[in-house]
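In this note's numbering, the protein residues as written are 109 to 278.
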């Protein structure tokens, strides 16, 4: 068991960081970070986008982020209220599935004021340096004390690290 946990740490900690080209319209923020976050404990992957404030943002503003769905279909949309005193804005997608290594995924962000006027548009891409297959299909732990997920235990006492089944890359 200790060996499995050690291997998991070695493989998953450095997972997913890089980004690609971006286009940024002038506005009150600048893009200063974008990557996928793989959480091995609960077997989820999410986009994480960071914006740094470089000018005043009006009260009542919000961000609308559209994240390309790695499984296909409609983009995943998040609406996040922005407070004028924030120096940094962090946008996180809901959990995504079937992220593939070295494939660019589109992210479109609009900053909008309280009246619905667009303050800034940001278009970028996020690229993972790992496939989501580094995660088990089910959470490794459950509960507040991180107990081993009983659904992952095989009859021989080993843990099932089988990844989520994803459609073949097209």
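C-beta atoms are modelled at their ideal positions from N, C-alpha and C, and glycine is treated no differently.
Just to confirm, is the Cβ distance from residue i to residue j under 9 Å?
i: residue 233; j: residue 213; result: yes
i: residue 199; j: residue 171; result: yes
i: residue 216; j: residue 164; result: no
i: residue 161; j: residue 183; result: no
i: residue 204; j: residue 177; result: yes
i: residue 227; j: residue 166; result: yes
i: residue 271; j: residue 241; result: yes
i: residue 279; j: residue 158; result: The displayed coordinates of the chain run from 109 to 278. Any statement about residue 279 would go beyond what the structure contains.
i: residue 243; j: residue 229; result: no
At which residues does the beta strand (DSSP E) containing residue i begin and terminate?
i: residue 142; result: 137-147
i: residue 228; result: 226-235
i: residue 154; result: 152-161
i: residue 216; result: 212-220
i: residue 190; result: Where residue 190 is concerned, there is no enclosing beta strand (DSSP E), given that its DSSP letter is neither H nor E.
i: residue 173; result: 170-175
Let me know if residue i comes out buried or exposed under the rule of 16 or more other beta-carbons within 10 Å of its beta-carbon.
i: residue 223; result: exposed
i: residue 263; result: exposed
i: residue 207; result: buried
i: residue 268; result: exposed
i: residue 201; result: buried
i: residue 111; result: Only weak support exists for where residue 111 lies, its pLDDT of 48 falling under 50; the coordinates are left without a value.
i: residue 148; result: buried
i: residue 155; result: buried
i: residue 129; result: Residue confidence is low: residue 129 scores 44 on pLDDT, short of 50, so the model does not pin down where it sits. No coordinate-derived value is stated.
Round the Cβ separation of residue i and residue j to the nearest angstrom and send it over; I've been treating them as touching at under 8 Å.
i: residue 221; j: residue 169; result: 5 Å
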